[in-house]
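A.B. asks: Note that this note's numbering has the first sequence beginning at 49, numbered continuously upward.
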Amino acid sequence: MYGLIDCNNFFVSCERAMNPSLNGRAVVVLSGNDGCVISRSNEAKALGIPMGCPAFQICNYTNPSNVVKLSARHALYGDLSRRVMSIIGTVMENLEIYSIDETFFTMPYNDVEKNHALLAELVKKIYKWTGIPVSSGFAPTHTLAKIASHIAKKDKRIIDGVYWLIRPDAIDTILRRTPIDDVWGIGRKLSQSLCGMGVYSAAQFAALPSQFVKNRFSVTTERVMRELKGEDCINVNPITIAHKSIMNSRTFGNIITDRVAVCDAVMSFADMCAKRLRDERSVASSVSVYLRGDPHRNDIPYYSNVCQLYMLTPSSSTMVIAKYALIAFNNIFREGMSYRKAGVMVSDIMPDENIQLDLFDKIEHGRQKKLMEAVDTINNKYGRKCVQMVPQTLGGDWHPQTRHTAKPSQNLRIYSDQIQSLSVIQLFQQ
DNA sequence: TCTGGGGTCCTAGGACCC
DNA sequence: TCTGGGGTCCTAGGACCC
49 MYGLIDCNNF
59 FVSCERAMNP
69 SLNGRAVVVL
79 SGNDGCVISR
89 SNEAKALGIP
99 MGCPAFQICN
109 YTNPSNVVKL
119 SARHALYGDL
129 SRRVMSIIGT
139 VMENLEIYSI
149 DETFFTMPYN
159 DVEKNHALLA
169 ELVKKIYKWT
179 GIPVSSGFAP
189 THTLAKIASH
199 IAKKDKRIID
209 GVYWLIRPDA
219 IDTILRRTPI
229 DDVWGIGRKL
239 SQSLCGMGVY
249 SAAQFAALPS
259 QFVKNRFSVT
269 TERVMRELKG
279 EDCINVNPIT
289 IAHKSIMNSR
299 TFGNIITDRV
309 AVCDAVMSFA
319 DMCAKRLRDE
329 RSVASSVSVY
339 LRGDPHRNDI
349 PYYSNVCQLY
359 MLTPSSSTMV
369 IAKYALIAFN
379 NIFREGMSYR
389 KAGVMVSDIM
399 PDENIQLDLF
409 DKIEHGRQKK
419 LMEAVDTINN
429 KYGRKCVQMV
439 PQTLGGDWHP
449 QTRHTAKPSQ
459 NLRIYSDQIQ
469 SLSVIQLFQQ
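Right under this line is the structure:
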């Protein structure tokens with residue numbers, strides 16, 4: 049049996065945990081540049097504000113003064129997520145952390161009542177220790193556990209935050225009441241096609257012939273169907289499995305036309321990708337850079353392009369990855385065009401002990417590794433951007449703009465500026 | 001005025017092989 | 001008249017998730 053714990057309205061709940069005066073009010077958390085709504089309190093949902101709603105359209109649903117708007121603070125959410133997951137890890141085994149706010153795990157007992165009691169206790173503990181409300185469910189498959197925890201969240205009669213789906217007759221009843229587009233793995237396009245065929249509920253979907261679903265849609269869709277019928281066939285990657293690609297991208301605060309300013313952003317993203325590779329003890333073989341204009345502006349020409357390069361030797365060094373990112377950037381940057389978004393992706397990722405090196409690579413690779421270890425040590429101690437390996441200006445033009453959150457401490461900024469004056473060579477010698 | 005930032009998997013089709 | 005039957009690898013694009 050698989051269990052699932054899912055944090056309710058996670059980003060809003062994090063903000064409330066830090067600031068209880070937000071309780072009882074309609075609260076939304078906004079994406080970068082305060083663009084879209086990415087988390088809503090129940091009160092905000094009740095006003096009809098949809099997920100992904102552009103912030104400037106909130107007035108279509110209610111008087112904007114009724115809603116507290118907050119700029120996202122991802123560092124805070126990541127921290128609270130780790131705390132919630134570690135509490136779950138003290139009670140449950142085989143955690144499969146699926147996203148920042150939810151994790152699967154295996155239930156320890158065969159006895160349903162014992163599992164229920166254990167989970168209810170855990171839900172209480174998480175709220176008491178972190179302030180984050182969660183819902184949970186358990187069932188024979190991941191997909192059914194998702195449905196169960198969804199019911200725990202929505203059904204007001206459930207007061208301990210736990211719902212389970214085990215008995216076949218109960219599963220059947222619930223599937224009949226579950227709209228097809230509420231099923232995990234059935235998105236907008238698929239549910240449209242299915243509704244066109246007269247399939248409106250999860251139960252109707254589960255009753256379709258397996259081969260037909262496989263031929264008409266795909267093996268993934270057929271797996272979803274088998275999961276609904278109680279067959280365990282979807283693997284969720286445990287967190288220990290390294291990423292296959294790592295991406296960093298941002299929509300800029302404004303349209304940018306200046307080559308140096310866009311390049312500055314690309315260098316920052318390359319640096320962040322490399323740092324994450326090192327954190328995962330991985331290296332990448334390929335670097336892609338993409339640039340994009342503003343698709344919402346009809347008054348200026350739109351330009352979008354991407355360039356992927358393969359490195360001679362896989363690497364996680366900021367200097368190496370930035371070097372390739374710069375070549376890719378120069379390949380696709382066009383003077384006179386307007387840019388609103390850029391990104392860097394590293395892919396073909398493998399563990400760093402797996403790389404094949406020739407004699408000369410070996411020397412260079414060793415030097416790079418030592419250098420990056422020194423930089424990471426300093427940055428972990430004194431702050432993320434104390435030492436920078438690529439040209440980046442703090443607070444460059446490209447940074448997303450936020451209006452609804454406190455700025456980071458000024459003291460730290462001044463200190464970082466001083467530290468930056470140390471040259472890379474000095475550091476390496478140290 | 002104003003629309004995010006990540007990820008994964010699968011399929012179709014082309015190039016190439018024997 | 002009549003034109004095989006497998007493979008593999010790669011890429012682009014689409015679908016899904018949070």
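We put the CB at the ideal spot given by N, CA and C, even for glycine.
Under three-state DSSP, which class holds Val115?
C.D. replies: strand
A.B. asks: Using the Cβ count rule (16 or more neighbours within 10 Å means buried), how would you classify Ala376?
C.D. replies: buried
A.B. asks: Near Asp220, what residues of its chain come up, given a Cβ to Cβ distance below 7 Å and the 5 sequence neighbours on each side ignored?
C.D. replies: Ala251
A.B. asks: Do the stretch 327-343 and the stretch 380-393 make contact, defined as three or more Cβ pairs closer than 8 Å?
C.D. replies: yes
A.B. asks: If you reduce the DSSP assignment to three classes, tell me which class Gln356 lands in.
C.D. replies: strand
A.B. asks: Name the two residues that bound the continuous alpha helix (DSSP H) containing Trp212.
C.D. replies: Looking at the DSSP string, Trp212 is not in any alpha helix (DSSP H); the run it does join, the beta strand (DSSP E), is 210-212.
A.B. asks: Output the boundary residues of the beta strand (DSSP E) element that contains Lys292.
C.D. replies: Where Lys292 is concerned, there is no enclosing beta strand (DSSP E), given that its DSSP letter is neither H nor E.
A.B. asks: Please classify Asn459: is it buried, with 16 or more other beta-carbons within 10 angstroms of its beta-carbon, or exposed?
C.D. replies: Any reading at Asn459 must be qualified, since the residue scores a pLDDT of 32, below 50, and its modelled position is unreliable; the value itself is stated next. Flag for Asn459 reads exposed.
A.B. asks: Compute the distance between the beta-carbons of Val116 and Arg88, then report whether it is under 8 Å.
C.D. replies: no
A.B. asks: Classify Tyr387 as helix, strand or coil using the three-state DSSP reduction.
C.D. replies: It is a strand residue.
A.B. asks: Which parts of the stretch 94-139 are runs of the beta strand (DSSP E), unbroken and 3 residues or longer, counting only runs that do not cross its ends?
C.D. replies: 115-119
A.B. asks: Cutting at 6 Å between CB atoms, please list the residues of its own chain near Gly137, excluding the five before and the five after it.
C.D. replies: Leu143
A.B. asks: Any chance you could list the alpha helix (DSSP H) runs of at least 4 consecutive residues sitting entirely within the stretch 203-253, in chain order?
C.D. replies: 216-225, 236-244
A.B. asks: Under DSSP, the alpha helix (DSSP H) around Ile369 begins and ends at which residues?
C.D. replies: 366-380
A.B. asks: Quick check: what's the CA-CA separation for Gly444 versus Ile53?
C.D. replies: 39 Å
A.B. asks: Using 10 angstroms around the beta-carbon of Ala332, count the other beta-carbons present and answer buried if the total reaches 16, otherwise exposed.
C.D. replies: buried
A.B. asks: Less than 8 Å separating the beta-carbons of Ile148 and Tyr175?
C.D. replies: no
A.B. asks: Rounded to whole angstroms, how far is the Cβ of Ala193 from the Cβ of Gly51, which I believe are closer than 8 Å?
C.D. replies: So it is a contact: roughly 6 Å between Cβ atoms.
A.B. asks: Kindly provide the ranges of any alpha helix (DSSP H) runs that are 4 or more residues long and lie completely inside the stretch 306-361, ordered along the chain.
C.D. replies: The stretch 306-361 contains these whole alpha helix (DSSP H) runs: 307-327.
A.B. asks: Would you mind working out which of Thr268, Leu70, Leu213 sits nearest Trp232, comparing C-alpha positions?
C.D. replies: Thr268
A.B. asks: From the DSSP output, in three-state form, read off Leu78 for me.
C.D. replies: strand
A.B. asks: For Gly278 versus Thr189, is the C-beta distance shorter than 8 Å?
C.D. replies: With respect to Thr189, Gly278 sits close: the two C-beta atoms are nearer than 8 Å.
A.B. asks: Between which two residues does the alpha helix (DSSP H) carrying Arg64 extend?
C.D. replies: Secondary structure note for Arg64: its alpha helix (DSSP H) is the uninterrupted segment 58-66.
A.B. asks: How close, in whole Å, do the beta carbons of Ile106 and Thr191 come, if the pair is a contact with beta carbons under 8 Å?
C.D. replies: Not confirmed; about 33 Å, so no contact.
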